[in-house]
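Chemist: Just add 305 to the spot in the sequence shown (first one is 1) and you have this note's numbering.
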Amino acid sequence: FPGIGLRIMLLNAFQMKQSGSEPLTLLAIEDATERERSIELRKQQLMLIDLAHDALIVRDLNSTVKLWNHGAATLYGWTKEEAVGKVTHTLLQTQFPEPFDEVERKLMETGEWSGELVHTARDGSQIVVASHQVVQRDEEGKPAAILEINRDITRHKHAEASLRSSEARLRALVSSMDDA
Numbered sequence: 306f307p308g309i310g311l312r313i314m315l316l317n318a319f320q321m322k323q324s325g326s327e328p329l330t331l332l333a334i335e336d337a338t339e340r341e342r343s344i345e346l347r348k349q350q351l352m353l354i355d356l357a358h359d360a361l362i363v364r365d366l367n368s369t370v371k372l373w374n375h376g377a378a379t380l381y382g383w384t385k386e387e388a389v390g391k392v393t394h395t396l397l398q399t400q401f402p403e404p405f406d407e408v409e410r411k412l413m414e415t416g417e418w419s420g421e422l423v424h425t426a427r428d429g430s431q432i433v434v435a436s437h438q439v440v441q442r443d444e445e446g447k448p449a450a451i452l453e454i455n456r457d458i459t460r461h462k463h464a465e466a467s468l469r470s471s472e473a474r475l476r477a478l479v480s481s482m483d484d485a
């Protein structure tokens with residue numbers, strides 16, 4: 306259309322039968338451009354979310370998975386189709402640094418929570434993650450969903466433990482040399 310650019314139009318045709326006369330056809334044309342652009346934008350945003358290496362999980366207020374990105378599938382071993390609809394803390398057998406109710410209370414009061422969690426992957430291995438969780442609120446300010454971003458720090462935690470162990474052995478060695 307001149308002046309308004311390319312538009313996506315949806316044409317609906319309905320045939321109505323009238324008694325004693327020929328059928329009447331009703332045509333309705335709807336401009337679906339904005340709806341189609343919105344759908345395309347959402348697809349692009351979901352593709353970008355899947356590019357993240359971190360596990361990005363969106364869950365509802367009952368902790369039911371609503372979105373599970375490629376990073377989560379890679380880290381934990383469950384596909385998006387397997388994880389969506391499951392309760393995250395049950396699926397991942399989450400070990401919290403403090404009681405779950407306390408974590409949830411802080412999350413709802415402040416709008417965010419950060420800490421280390423231990424999760425169990427599909428293969429049974431334990432994964433330590435640095436977790437950052439934020440509350441999405443609706444137009445009225447009520448909690449609507451939770452975005453959970455989990456970064457695998459398992460190797461880092463093992464390296465820290467190994468370093469502490471090496472330092473302790475070195476201190477013991479130096480201490481035994483001082484005693485001699």
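Even for Gly, the Cβ is constructed at its ideal location relative to N, Cα and C.
Note that this is a predicted model, so its numbers are computed, not measured.
Please return the same chain residues whose Cβ sits closer than 8 Å to the Cβ of Thr-330, not counting the five positions on each side in sequence.
Modeler: Ala-318, Phe-319, Gln-320 and Met-321
Chemist: Should Ile-344 go down as buried or exposed, given a rule of 16 or more other Cβ atoms within 10 Å for buried?
Modeler: exposed
Chemist: I need the DSSP call for His-394, collapsed to helix, strand or coil.
Modeler: helix
Chemist: Can you tell me the Cα-Cα spacing of Thr-415 and Glu-403, whole angstroms?
Modeler: Rounded to the nearest angstrom, the gap between the Cα atoms of Thr-415 and Glu-403 is 17 Å.
Chemist: If you check the beta carbons only, do Arg-364 and Asp-336 fall under 8 Å apart?
Modeler: Contact flag unset, no.
Chemist: Do you know offhand how far Gly-420's Cα is from Ser-470's?
Modeler: 24 Å
Chemist: What residues match up with Ser-436 in a beta bridge as DSSP calls it?
Modeler: DSSP lists Gly-420 and Asn-455 as partners of Ser-436.
Chemist: Taking all protein chains shown into account, decide if Asp-428 is buried (16 or more other Cβ within 10 angstroms of its Cβ) or exposed.
Modeler: exposed
Chemist: Which residues share a DSSP beta bridge with Ile-334?
Modeler: Leu-316
Chemist: If we ignore side chains and look at the alpha-carbon of each, how far apart do Met-352 and His-358 end up?
Modeler: 13 Å
Chemist: Counting along the chain, where does the alpha helix (DSSP H) carrying Val-408 start and finish?
Modeler: Counted as a single uninterrupted DSSP element, the alpha helix (DSSP H) harbouring Val-408 occupies residues 405–415.
Chemist: In whole angstroms, give me the CA-to-CA distance for Trp-418 and Gln-438.
Modeler: 5 Å
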